[in-house]
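The sequence shown: position 84 = 1522 (our numbering), numbered continuously.
All residues carry an ideal CB built from backbone N, CA and C; glycine is no exception.
This structure is a prediction, so every number in the text was calculated from the model and none was measured.
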Amino acid sequence: MQRQQGRSRGKYVIPSGSIVIASIWSIFYDVSFWKDPEVFRPERFLTDDGTRAQKPERFIPFSYGKRSCPGEVIANMEVFIYFTTILQHFVVEPPPDGPGLNFDEVLGLSLRPKPQEMIFRPREVRA
């Protein structure tokens, strides 16, 4: 059974049949949830003593609730394996004569870092 009436939320009226998409970006950059949200601070995701990773309640890149992404665990494992494999085999650094690391982002379908040159130096293999 489909709802025939729209709904109102505060001063907004959402007509029946509308598709509503939440802006996760606005949650991640909300100063009431995150101190200095525009600053790159990976330690936000560590316990107070810095020994373990933790997932803050307000960090929801895979959504939440009944309709959250069922592939979250697999995606996180894949990213972990991908990056640890790269870091096991290469030293990753910006070019010595380059501008250094740039943490500016590009907004598109998702927020991503600006493209930049990096050097991947093979690590020495120790037997």
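Let me know the alpha helix (DSSP H) ranges lying completely inside the stretch 1510-1552, each 4 residues or longer, listed in chain order.
1510-1527
Put Arg1559 into one of helix, strand or coil per three-state DSSP.
strand
Since Ser1446 sits in a beta bridge, which residues does DSSP pair it with?
Val1451
Kindly identify the DSSP beta-bridge partner or partners of Ala1460.
Bridge partners of Ala1460: none, in fact.
Just how far apart, CA to CA, sit Ile1465 and Glu1531?
31 Å
Stretch pair the stretch 1469-1479 + the stretch 1503-1512: three plus CB contacts closer than 8 Å
no
Do Pro1480 and Phe1528 have their C-beta atoms closer together than 8 Å?
no
Confirm, please, whether the CB-CB distance from Glu1555 to Pro1534 is below 8 Å.
no
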